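In the working numbering, the protein residues as written are 2 to 496. From the three backbone atoms N, C-alpha and C, an ideal C-beta is built for every residue, glycine too. Since the model is a prediction, treat every value here as computed from it, not as a measurement. Here is the structure we will look at.
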């Protein structure tokens, strides 16, 4: 398809957030229909000048109808729903691919990003063999992506003016996890080894702590927001998992482990939020070598383990991550291994698939999965922190979650449970950025596609090792937490 038609869809995607604010499902249907119509028109062979004229008129009409995107009144609506609309756009823009391999069995187009990892890996390898390391893999929709986000550099995108706010309610105890709510600019939560969880609101100013969730008798090791943000699930060293209502902070259910095992991390199944995966460590034996190490799928409605949803590993599992469709789960342990599991969507059953030894004896403290690194390099990828003084980026090479090292970035991490993230809007950027904590008390930004001098930015302000980082949905704010209990919210520099 011609680049002009891709830009037309990009314009529609940017304004899609303004359509029918009370009926978001209509926006999904609208952008899909626009995608279909533009694809059909691409085959008609209209003159390039006519296409450019249509793009200009379309942009003018949308601007007159909804106003400029920079208007204060519309900025919030756009930022609050940019991720929701962009996900639809990213999926449906695959329809513009002219590659016959993107056709399904009945002639319907399908999204490569949600299709076979194995096919995508074969295509990636063929391209990577003919290019220097670190350079980008061009795609036919890269220009449309840049039209949505602008053609600014990564350094400009990730420049920060300074601290927006500092939360210190957990001072003197480490904050191992900080997370913005899904598709939300201003709701933030963090858990602490003091046994509590804080729910914070950043707007209106000044930022405030809305609720402090208390109930765990030992440190909270991890927590996760549900997709709708109405509940949180937390795991604790007190051998319980708790389910909380985010609206008022009350505990809905406490689920104890029958064996008295410490719960070290958790994650929601991305498609079915009624299922949660937790990591348990049996503490009945004083020697780690004799401990039982399990991953369990829990039904949060019943508080029971799912039949067939358990697996025993060789070490204490410190990190969990699903792929976007929820069919693959990766678990990293304290012995330096990453295991992949096949997840049965119908039953919740886990099947162990592959194992990768990242580095023998080096704990794997963070795993983040991403189906698309960027529109120019669309490898399914895994971002891994291990105690190697390196941040590792792996390529997912098949349907069973096998991994191949793509590149690494220097950070300081030898003993603390440091975590990292993919930037939420990286699919729209020219280049792709990741952010990580570090034991040097800094927050580091790296461009995964830059062959040399990958460091994009470094934020300094913490007085202890930075353990976790989290972007809000439109990347206007970044939160980071450290081993002394400090949480800093950083503000993007206004251009």
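Selection from the options that minimises the alpha carbon distance to residue i
i, options, result
"residue 345", "222, 335, 356 and 330", "330"
"residue 213", "229, 228, 207 and 189", "189"
"residue 239", "297, 231, 218 and 226", "218"
"residue 328", "340, 400 and 364", "400"
"residue 340", "245, 164, 367 and 348", "367"
"residue 380", "450, 351 and 364", "450"
"residue 253", "271, 268, 216 and 261", "216"
"residue 448", "180, 439, 424 and 194", "424"
"residue 492", "50, 16 and 163", "163"
"residue 466", "42, 419, 251 and 435", "419"
"residue 313", "394, 279, 251 and 257", "279"
"residue 483", "432, 494, 7 and 417", "417"
"residue 494", "155, 65 and 51", "155"
"residue 247", "202, 63, 257 and 261", "202"
"residue 170", "198, 186 and 434", "198"
"residue 48", "5, 245 and 432", "5"
"residue 304", "258, 262 and 347", "258"
"residue 274", "234, 397 and 309", "234"
"residue 398", "355, 186, 67 and 432", "355"
"residue 442", "65, 432 and 488", "488"
For residue i, the residue or residues it bridges with in DSSP
i, result
"residue 461", "443"
"residue 31", "DSSP, once it has assigned bridges, lists no residue as partnering residue 31."
"residue 355", "341"
"residue 437", "421 and 445"
"residue 192", "178 and 198"
"residue 164", "491"
"residue 386", "367 and 392"
"residue 226", "233"
"residue 333", "320 and 339"
"residue 47", "According to DSSP, which records beta bridges pairwise, residue 47 is partnered with nothing at all."
"residue 471", "480"
"residue 210", "201"
"residue 215", "197"
"residue 325", "Per DSSP, none; premise fails for residue 325."
Whether residue i touches residue j by CB criterion (9 Å)
i, j, result
"residue 176", "residue 460", "no"
"residue 332", "residue 343", "no"
"residue 172", "residue 486", "yes"
"residue 302", "residue 351", "no"
"residue 205", "residue 490", "no"
"residue 437", "residue 392", "yes"
"residue 415", "residue 440", "yes"
"residue 474", "residue 230", "no"
"residue 181", "residue 478", "yes"
"residue 59", "residue 12", "yes"
"residue 456", "residue 445", "yes"
"residue 228", "residue 211", "no"
"residue 224", "residue 192", "yes"
"residue 372", "residue 394", "no"
"residue 349", "residue 276", "yes"
"residue 269", "residue 226", "yes"
"residue 307", "residue 298", "yes"
"residue 374", "residue 326", "no"
"residue 40", "residue 31", "no"
"residue 458", "residue 55", "no"
"residue 407", "residue 382", "yes"
"residue 35", "residue 10", "yes"
Close beta carbons around residue i, own chain, < 6 Å, minus the five adjacent residues each side
i, result
"residue 324", "370"
"residue 255", "241 and 243"
"residue 166", "208 and 490"
"residue 471", "179, 180, 181 and 480"
"residue 426", "476"
"residue 362", "337"
"residue 357", "339 and 404"
Contacts around residue i, its chain only, beta-carbon distance under 7 Å, and the 5 residues preceding and following it disregarded
i, result
"residue 222", "177, 236, 237, 238, 264, 265 and 266"
"residue 134", "Interpretation of residue 134 is limited by its pLDDT of 45, a score under 50 that renders its predicted location unreliable; the figure taken from the coordinates is listed afterwards. The residues are 452."
"residue 316", "294, 334, 335, 336 and 338"
"residue 412", "390, 391, 392, 437, 439 and 445"
"residue 63", "12 and 16"
"residue 174", "193, 194, 195 and 486"
"residue 300", "275, 276 and 307"
Cβ of residue i within 9 Å of any chain D Cβ
i, result
"residue 275", "In the structure shown, chain D does not exist; there is a single protein chain."
Close-in-space but distant-in-sequence residues of the same chain around residue i (CB under 8 Å, 5 per side omitted)
i, result
"residue 365", "319, 320, 333, 334, 335, 337, 338, 339, 359, 385, 386 and 387"
"residue 250", "200, 211, 212, 213 and 214"
"residue 38", "none"
"residue 42", "6"
Every unbroken beta strand (DSSP E) within the stretch 233-316, with a cutoff of 3 residues, ordered by chain:
Complete beta strand (DSSP E) runs here, min 3: 241-246, 252-257, 263-269, 276-282, 294-300 and 305-313.
Enumerated in chain order, which unbroken segments of the beta strand (DSSP E) with a length of 3 residues or greater are wholly contained in the stretch 396-432?
Look at the stretch 396-432 and you find these whole runs of beta strand (DSSP E), each 3 residues long or longer: 404-411 and 421-423.
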